[in-house]
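**Student:**
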Amino acid sequence: MKNQINYQDKSEGRNWFRLVYQWRGSVMKAILPRVLVCAIFSLGVTVFYQCGVNLALPLESGIVPSIVLGLLLVFRTNTAYERFWEGRKLWGTLINTVRNLARTIWVTVEENEAQDRQEKIVTLRLLVAFSVATKLHLRGYTNYDELIDLMPNLWHEKLKSMNNPPLEIAFWIGDYLQEQYEKGCINPYQLTAMFKLLDIMVDVLGGCERILKTPIPLAYSIHLKQLVFIYCFTLPFQVVDELRWLTSPLVSLISFTVFGIEEIGEEIEDPFGYDANDLPLDKICQTMKINIEDLISLDPCVRYWKTSVDELMN
Amino acid sequence: MKNQINYQDKSEGRNWFRLVYQWRGSVMKAILPRVLVCAIFSLGVTVFYQCGVNLALPLESGIVPSIVLGLLLVFRTNTAYERFWEGRKLWGTLINTVRNLARTIWVTVEENEAQDRQEKIVTLRLLVAFSVATKLHLRGYTNYDELIDLMPNLWHEKLKSMNNPPLEIAFWIGDYLQEQYEKGCINPYQLTAMFKLLDIMVDVLGGCERILKTPIPLAYSIHLKQLVFIYCFTLPFQVVDELRWLTSPLVSLISFTVFGIEEIGEEIEDPFGYDANDLPLDKICQTMKINIEDLISLDPCVRYWKTSVDELMN
Amino acid sequence: MKNQINYQDKSEGRNWFRLVYQWRGSVMKAILPRVLVCAIFSLGVTVFYQCGVNLALPLESGIVPSIVLGLLLVFRTNTAYERFWEGRKLWGTLINTVRNLARTIWVTVEENEAQDRQEKIVTLRLLVAFSVATKLHLRGYTNYDELIDLMPNLWHEKLKSMNNPPLEIAFWIGDYLQEQYEKGCINPYQLTAMFKLLDIMVDVLGGCERILKTPIPLAYSIHLKQLVFIYCFTLPFQVVDELRWLTSPLVSLISFTVFGIEEIGEEIEDPFGYDANDLPLDKICQTMKINIEDLISLDPCVRYWKTSVDELMN
Amino acid sequence: MKNQINYQDKSEGRNWFRLVYQWRGSVMKAILPRVLVCAIFSLGVTVFYQCGVNLALPLESGIVPSIVLGLLLVFRTNTAYERFWEGRKLWGTLINTVRNLARTIWVTVEENEAQDRQEKIVTLRLLVAFSVATKLHLRGYTNYDELIDLMPNLWHEKLKSMNNPPLEIAFWIGDYLQEQYEKGCINPYQLTAMFKLLDIMVDVLGGCERILKTPIPLAYSIHLKQLVFIYCFTLPFQVVDELRWLTSPLVSLISFTVFGIEEIGEEIEDPFGYDANDLPLDKICQTMKINIEDLISLDPCVRYWKTSVDELMN
Amino acid sequence: MKNQINYQDKSEGRNWFRLVYQWRGSVMKAILPRVLVCAIFSLGVTVFYQCGVNLALPLESGIVPSIVLGLLLVFRTNTAYERFWEGRKLWGTLINTVRNLARTIWVTVEENEAQDRQEKIVTLRLLVAFSVATKLHLRGYTNYDELIDLMPNLWHEKLKSMNNPPLEIAFWIGDYLQEQYEKGCINPYQLTAMFKLLDIMVDVLGGCERILKTPIPLAYSIHLKQLVFIYCFTLPFQVVDELRWLTSPLVSLISFTVFGIEEIGEEIEDPFGYDANDLPLDKICQTMKINIEDLISLDPCVRYWKTSVDELMN
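For the record, the sequence lines run as chains G, S, H, R and U. Heads up: the first sequence begins at -1 in the working numbering, then just goes up one per residue. Heads up: the second sequence begins at -1 in the working numbering, then just goes up one per residue. Heads up: the third sequence begins at -1 in the working numbering, then just goes up one per residue. Heads up: the fourth sequence begins at -1 in the working numbering, then just goes up one per residue. Heads up: the fifth sequence begins at -1 in the working numbering, then just goes up one per residue.
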């Protein structure tokens, strides 16, 4: 089965207007309650105003707070997106490293007995297991059933008692490589190079944990929320004089804008969950598995190359 | 044939005004329908207004949403450009690595028989094949005819059954290097260094896939489209009171500005296609091929160097 | 004991409104005095104005200073956050490197006598000691009691007379590795690779010292403070004509916005302290310790791998 | 001759006001025609207006397009500067690598015959030749006379038939190193390290080509030019009502601002030319040459060190 | 003597208001003349206006130039700060590398004769000499007296005739390492690793030279100065109608804001001088020296480790 690249065909149109009303993946569901609160509050302000209570508040000199709020919202957006993109980059590095390490093991480790090939295959699948375990670890799972097909039973049992299962899998891969070196099946330079690739895999694990466990500093999110709150609840007083009964729809629209951008930041910030806006970790792990199985289907160890070039020569 | 560097001569003028009206490469074609919708809508609003329906809507306090929209549009622009530029950087890395790996193979692999030279040349062309296969893979092709001249037939057949052809080509290159090491034609340190270069090539492949498969989070593009939509369709109500029949032209102009910048973001975001705004992947692959053929035209293995210095000495 | 990942469950709601009023982690406490000064000053201006002293000051053309102040505040914010995030990244690198170095030592150093295992364990704990010493060094402590359990007594004494204790611990780790190499328990390539990991640990130490000792250039913080000061104390004159008795509450609100964002910058800038907004260094060191103890609970040296695969074979 | 560092003395004043009127290095020359067109156009508008044709156009609600234009201009500026600075960084890397590779060759390659020293010197000069050839290649030259003194004649002839001369020079350097290794004058680890430095030099070449051949995507520059055009030619209609005969001077001033910033972006974008705003490539190559000649003036190979320490000991 | 970390105690208050009036480190001194010129000019404008000359100039449509100026000022600020911070990072890298190289030399180089230890110490001090020479070189000194205590006399003499003294020091360090390798005191892998650290030190030198010799492109600083100039000298005409005698104080205040931010950019841009806003290079070199002397006070070569663990065992 070919792994699909969902290449967007630019020429056929992208249904611009349909996206505007799309519900799934949008933050509308999350911010609706807050927008409604604002709408009702504005309505109340309007009613009082129409009853003759003077609530109008001119706020023309507030340009600096407006700029600050605007820029802070975008700072929030940028920061959250950078975390999302860094998470994606780390998983991209993981794919690359798994591919490179698998190819190197497949090509360089010498096979002397029939069992050696089998051990290689076990190790290649351990690489996929590392990725899956990282995914489960990041999502806070303690159930590791997804790993059953990717490693021997004895190890799967062992994993359950560990605090950080991917680290143990990395230990087993390192152990295998060291054994091959001691048996004389790989030379020390290649061993060192493969250890470095293994180090990169553990770096990815640490990088993802860092993104997961360190949200944006509390002071920022509190101050931003306070500014948004102040802005949305002083807004009706500023516009009621001019807009009268249109106050409530307008304030809803504006609060929708502002709450929406703040909410997106919060949703994107931790990209390892299941939302429509999160990284497709399941699909990424699946791709790795396909790549590894493809590799296993090729004969390593030089015979293949020789015949091909002989054919070319003749 | 010299490969041309299209060096822009600054002193002769750049036809500033001609670029303003250029059609190809511009996004005018893509956004024209949307701009027309806005123009017609504004015209309708004006007609109703002139017929005495009061549609005027004062919206002076909307500075925060304006800043948010403005900054979000530029955030979109920045993000898309960064993806474009990262894609370009990855391909630049690919060129560099192909050049370096080709030179290292050409210089360091010992030749003992006549066939050895031939095998070297096959491998050097495989490096180009890797790049071409990456290009085709990124563009979603399943037809790999472009590779026929760059590898033996047997392998070309084999490629068709693979999910990710560049990975198999990388496997063959690794296989060749490992064989040379086992035959004693390269020492283990150089083998390790060349494997690292091969790893970089696979990293580039993974990096490009990452850019291709991970668009900007859905929540952003939806929210941005919604804001643009709201802005463009509330605009006529705000200006009709003042501009009367000029409303429609003006709203068209402004919506042209806003839709244009949003559209560019979308177009630049995936830089591996065929548009005027995409990366010139065909040209890049061509450059690599020329560099490799140039290299093949030089005699490796020390003889050349010796005669030259002897000449210098005398 | 499982180390908890505080994964925020998105679906259950985040108590948006509660965060708005949260006191701990907010900067309200720090900026309250300044906001009060502004409030009282505005009140004074209002009183004078109401008494007939004409203090109104139209300042409509000040858009450039407003933009400059707004952008400078956000520049401050960005810079401070980047330092915070760089600090976090450095500690993430430290975790990764400790894990990698520990695994490499555990897997590769040959054990010939019973004491060798014991020495390994001492060295693994020294890795944790390096992190803890770095933490204490960054916080300006001269009391190193926290290290007592992590190293032999003799060394703990020695540390007290040193200017930069983590550097000495790095020296001891290097000394251990060099000894193992000279005894023939690790090969020279692995020695070099491990020395590089040790170098990274010292790089992290230097990076954290850099963040700690180099605040944002004085000229910026002074100029920013001056602009904020000028802005907040000219504000009442601009709005008193229009707002009358509402001047003081409004100026308080705006100064709260502006002082808050400036204060956050200052608080986040040095992320190695104990505040709610600082990095959780104690927790990070604790995680490292757990990971190391987990590793020690696994048998190294190949036996484990063999039995498992045998089981798989049968 | 000492190579001068033009260290700006801060205390003596920088002639702030003189710079304002400086012509060379400024973009005034390039944008003057466009500014004049705007001035004349505005004058025409004013004349018609004074003749009673109502051309006034209120455009108060255009804050989003204004923000978009402003931010897009600065996006242009940032992008162009980043390219300039990346180009500078690449050349900085080239200087560093040439210095490092030269020092390593000078120190580590064993000299057995008199000719060996001579060959070393030829190779050191080839390093400078690589830089000079890169400079010429980036500037689109096909005349390589500047290289005559830096390499043997035979090679200089050979270069003329090549598409990418720096690549051939890199090949010769690699060839020399490989020969030394085969003669036993350098050990394989140092060979690998030096090959890596050579790879970095080729990376710099590729990086510069990337900057040169990939301008900012066409869609951006067209859209930006269109926005600038629309802005500058609708401006007179907006201000003529208020400013009357002052319209033309004012529009000139504003169009000067806007065209200037757009033009700088275009000028900085390709930093490898001869303009006052381009990188001083000639000077950089000269510095490299001086550093290499300095190095050649020092005796390598341990004798120097020994005598010095002996002197110190006694 | 303990090297002090000036850890700011957050809880005790930071004297917010005192910083506002601080003179040293502020740019007030540098911009005072320009601000005075603006003040006097505005006063003149006011006098003429009061005498009945109509100088009022409405400039309400200038929002794009205002945004451009505002953003350009912040672009200036960002760029300058990035250069400052990159300079700091380079020196941080230098500290780290000196520490790492020193530790590696101290631990790994075998000592056979009494003189060997002495040579090691000379080399360790040469590392500090490299940093000090870099500092002097960046500051444009040609007097190298500060190096006298850090190297043998003979070499100190030799340095005076060199164009780039740090490069020669790097050559000597490389020479020492190569000699140790040839004497068999270090193995080739460690030699290569140490050469790489030496390369990093030379990279730092090149990086600092790059920052020093490449100011922001002239076109930017000229255009920015022109915009600031135009802004400050058209400002009085815009506000004189409204503010009358308050024009001059207000224009002074605004020009103070704008000149200040531009001046900071210029001052921070070259961070290797002596100003209050420059990097504390003297202090950094001092720290390095202390760290090296601390290291020398520890016994290398395995004996220390052994006794400690024996003590632990019993």
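Glycine included, C-beta positions come from ideal geometry on N, C-alpha and C. Keep in mind that this is a model prediction, so the values were computed, not measured.
Please report the Cβ distance between arginine 327(R) and glycine 172(U), rounded to the nearest whole angstrom; I am assuming they are in contact, meaning their Cβ atoms lie under 8 Å.
**Tutor:** The displayed coordinates of chain R run from -1 to 312. Any statement about residue 327(R) would go beyond what the structure contains.
**Student:** Glycine 11(H): buried (16+ other C-beta within 10 angstroms of its C-beta) or exposed?
**Tutor:** The residue given as residue 11(H) occupies position 13 in the third sequence. Residue confidence is low: glycine 11(H) scores 45 on pLDDT, short of 50, so the model does not pin down where it sits. Its coordinate-derived value is still stated next. When all chains shown are included, glycine 11(H) counts as exposed.
**Student:** Can you tell me which of the three DSSP states cysteine 49(S) falls into?
**Tutor:** Counted from its first residue, the second sequence places residue 49(S) at position 51. Here cysteine 49(S) sits in coil by DSSP.
**Student:** Would you mind reading off the limits of the alpha helix (DSSP H) that contains alanine 112(U)?
**Tutor:** Position 114 of the fifth sequence holds residue 112(U). Alanine 112(U) -> alpha helix (DSSP H) spans 112 to 136.
**Student:** Which residue marks the beginning of the alpha helix (DSSP H) containing tryptophan 243(G), and which one marks its end?
**Tutor:** Walking along the first sequence from the start, residue 243(G) turns up at place 245. Segment: none, tryptophan 243(G) is in no alpha helix (DSSP H) and carries neither H nor E.
**Student:** With three or more C-beta pairs closer than 8 Å as the rule, is the segment 157 to 165 of chain U touching the segment 128 to 148 of chain U?
**Tutor:** yes
**Student:** Any beta carbon of chain R sitting closer than 8 Å to that of tyrosine 79(S)?
**Tutor:** For this step, residue 79(S) is matched to residue 81 along the second sequence. For tyrosine 79(S), the answer is yes, since a Cβ of chain R falls inside 8 Å of its Cβ.
**Student:** Would you mind telling me which residues of chain R sit closer than 7 Å to threonine 245(U), beta carbon to beta carbon, in chain order?
**Tutor:** By 1-based counting over the fifth sequence, the position of residue 245(U) is 247. Residues of chain R passing the Cβ test: none, with the nearest at roughly 19 Å.
**Student:** So leucine 148(H) and alanine 127(H) are supposed to be a Cβ contact under 8 Å. How far apart are they, rounded?
**Tutor:** As a position in the third sequence, residue 148(H) is number 150, starting the count at 1. As a position in the third sequence, residue 127(H) is number 129, starting the count at 1. A Cβ-Cβ separation of about 4 Å places leucine 148(H) in contact with alanine 127(H) under the 8 Å criterion.
**Student:** So valine 202(U) and threonine 121(U) are supposed to be a Cβ contact under 8 Å. How far apart are they, rounded?
**Tutor:** Mapped onto the fifth sequence, residue 202(U) falls at position 204. Mapped onto the fifth sequence, residue 121(U) falls at position 123. Contact flag wrong, Cβ pair sits at about 18 Å.
**Student:** Mind reading off the beta-carbon distance from valine 25(G) to isoleucine 262(G)? Whole number of angstroms is fine, and I expect it under 8 Å.
**Tutor:** For the purposes of this step, residue 25(G) is identified with residue 27 of the first sequence, where counting begins at 1. For the purposes of this step, residue 262(G) is identified with residue 264 of the first sequence, where counting begins at 1. Yes, valine 25(G) and isoleucine 262(G) are in contact; Cβ-Cβ is about 6 Å, under 8 Å.
**Student:** Using the C-alpha atoms, what's the distance from proline 278(U) back to glutamate 240(U)?
**Tutor:** Working through the fifth sequence from its first residue, we reach residue 240(U) at position 242. Working through the fifth sequence from its first residue, we reach residue 278(U) at position 280. When rounded, the distance between both Cα atoms is 48 Å.
**Student:** Run through DSSP, which three-state label would alanine 274(R) get?
**Tutor:** Translated into positions along the fourth sequence, residue 274(R) becomes position 276. Here alanine 274(R) sits in coil by DSSP.
**Student:** Return no unless some Cβ of chain G is closer than 8 Å to the Cβ of arginine 115(H).
**Tutor:** What you label residue 115(H) is simply residue 117 of the third sequence in a count that begins at 1. False, the Cβ-Cβ gap to chain G never drops below 8 Å.
**Student:** So the candidates are Glu291(S), Leu248(S), Pro186(S), Leu124(S); which of them puts its Cα closest to the Cα of methionine 199(S)?
**Tutor:** Taking the first residue of the second sequence as position 1, residue 199(S) is located at position 201. Ranking Glu291(S), Leu248(S), Pro186(S), Leu124(S) by Cα distance to methionine 199(S) puts Leu124(S) first.
**Student:** Is the Cβ of phenylalanine 193(R) closer than 8 Å to any Cβ of chain S?
**Tutor:** Numbered from 1 along the fourth sequence, position 195 holds the residue referred to as residue 193(R). Interface residue, yes.
**Student:** How do the segment 244 to 263 of chain H and the segment 279 to 296 of chain U stand: do at least 3 beta-carbon pairs fall below 8 Å, yes or no?
**Tutor:** no
**Student:** When the cut-off is 8 Å and only beta carbons count, does isoleucine 146(S) lie next to chain G?
**Tutor:** Numbered from 1 along the second sequence, position 148 holds the residue referred to as residue 146(S). For isoleucine 146(S), no CB of chain G lies under 8 Å from its own CB, so it is not counted at the interface with that chain.
**Student:** So, under 8 Å CB-CB, leucine 69(U) and glycine 68(R) are touching, yes? Tell me the CB distance rounded to an integer number of Å.
**Tutor:** The sequence position of residue 69(U) within the fifth sequence is 71, counting from 1. The sequence position of residue 68(R) within the fourth sequence is 70, counting from 1. About 6 Å separates the two Cβ atoms, so the contact holds.
**Student:** Can you list the residues of chain G that isoleucine 93(H) reaches, using a CB-CB cut of under 9 Å?
**Tutor:** Residue mapping note: residue 93(H) aligns to position 95 of the third sequence, counting from 1. The answer, in chain order, is Gly204, Glu207, Arg208.
**Student:** Whose C-beta lies closer than 6 Å to the C-beta of arginine 301(H) among residues of the same chain, with five residues either side of it excluded?
**Tutor:** Numbered from 1 along the third sequence, position 303 holds the residue referred to as residue 301(H). With a pLDDT of 47 at arginine 301(H), under the threshold of 50, the predicted position of this residue should be treated as unreliable, and no value is reported.
**Student:** When DSSP labels each residue in this structure, what does proline 186(R) get in the three-state scheme?
**Tutor:** For the purposes of this step, residue 186(R) is identified with residue 188 of the fourth sequence, where counting begins at 1. DSSP places proline 186(R) in helix when its eight states are reduced to three.
**Student:** What residues in the segment 225 to 236 of chain U bring their beta carbon closer than 9 Å to a beta carbon of chain R?
**Tutor:** Leu225, Val226, Phe227, Ile228, Thr232
**Student:** Between which residues of its own chain and glutamate 265(S) is the CB-CB distance below 7 Å, once the five residues before and five after are set aside?
**Tutor:** Locating residue 265(S) in the second sequence gives position 267, where the first residue counts as 1. Counting only Cβ-Cβ distances below 7 Å, and skipping sequence neighbours, we find Val25, Asp273, Asn275.
**Student:** Could you give the DSSP three-state label for threonine 212(H): helix, strand or coil?
**Tutor:** Here residue 212(H) refers to the residue found at position 214 of the third sequence. Note: threonine 212(H) maps to coil in three-state DSSP.
**Student:** Are the segment 168 to 183 of chain S and the segment 106 to 119 of chain S in contact at 8 Å, needing three or more beta carbon pairs?
**Tutor:** yes
**Student:** At least one CB of chain G closer than 8 Å to the CB of threonine 212(H): is that the case?
**Tutor:** For the purposes of this step, residue 212(H) is identified with residue 214 of the third sequence, where counting begins at 1. Not closer than 8 Å to any Cβ of chain G, the Cβ of threonine 212(H) fails to qualify, so no.
**Student:** Measure from the alpha carbon of tryptophan 170(G) to the alpha carbon of each residue in Glu260(G), Ile93(G), Asn76(G), His154(G), then state which is nearest.
**Tutor:** For the purposes of this step, residue 170(G) is taken as the residue at position 172 of the first sequence. For the residues Glu260(G), Ile93(G), Asn76(G), His154(G), the minimum Cα distance to tryptophan 170(G) belongs to His154(G).
**Student:** Using the rule of at least 16 other Cβ atoms within 10 Å of the residue's Cβ for burial, across every protein chain shown, is methionine 311(G) buried or exposed?
**Tutor:** Along the first sequence, one-based indexing puts residue 311(G) at 313. In this predicted model, methionine 311(G) has a pLDDT of only 49, less than 50, meaning its place in the structure is not dependable; the value taken from the coordinates is given anyway. Counting Cβ neighbours within 10 Å, methionine 311(G) comes out exposed, since fewer than 16 surround it.
**Student:** Please identify, using Cβ separations under 9 Å, the residues of the segment 161 to 172 of chain U that lie next to chain R, in order along the chain.
**Tutor:** Asn161, Asn162, Leu165, Glu166, Ala168, Phe169, Trp170, Gly172
**Student:** Are the C-beta of arginine 74(U) and some C-beta of chain H separated by less than 8 Å?
**Tutor:** Translated into positions along the fifth sequence, residue 74(U) becomes position 76. By this cut-off, arginine 74(U) is not an interface position.
**Student:** Whole angstroms is fine: what's the gap from valine 237(R)'s alpha carbon to tyrosine 218(S)'s?
**Tutor:** As a working mapping, residue 237(R) is identified with position 239 in the fourth sequence. As a working mapping, residue 218(S) is identified with position 220 in the second sequence. Their Cα atoms are separated by approximately 37 Å.
**Student:** Could you give the distance in angstroms between the alpha-carbon of asparagine 98(S) and the alpha-carbon of lysine 194(R)?
**Tutor:** Residue mapping note: residue 98(S) aligns to position 100 of the second sequence, counting from 1. Residue mapping note: residue 194(R) aligns to position 196 of the fourth sequence, counting from 1. When rounded, the distance between both Cα atoms is 9 Å.
**Student:** For glutamate 84(U) and chain H, any beta-carbon pair shorter than 8 Å?
**Tutor:** Taking the first residue of the fifth sequence as position 1, residue 84(U) is located at position 86. By this cut-off, glutamate 84(U) is not an interface position.
**Student:** Out of curiosity, what's the CA-to-CA distance linking serine 159(G) and asparagine 141(G)?
**Tutor:** As a first step, residue 159(G) must be located in the first sequence, where it is residue number 161. As a first step, residue 141(G) must be located in the first sequence, where it is residue number 143. One C-alpha to the other measures close to 11 Å.
**Student:** Quick one: residues in its chain with C-beta nearer than 7 Å to the C-beta of lysine 281(S), no 5 flanking neighbours on either side, listed in chain order?
**Tutor:** Here the question's residue 281(S) lines up with position 283 in the second sequence. Closer than 7 Å at the Cβ level, and outside the excluded window around lysine 281(S), lies no residue.
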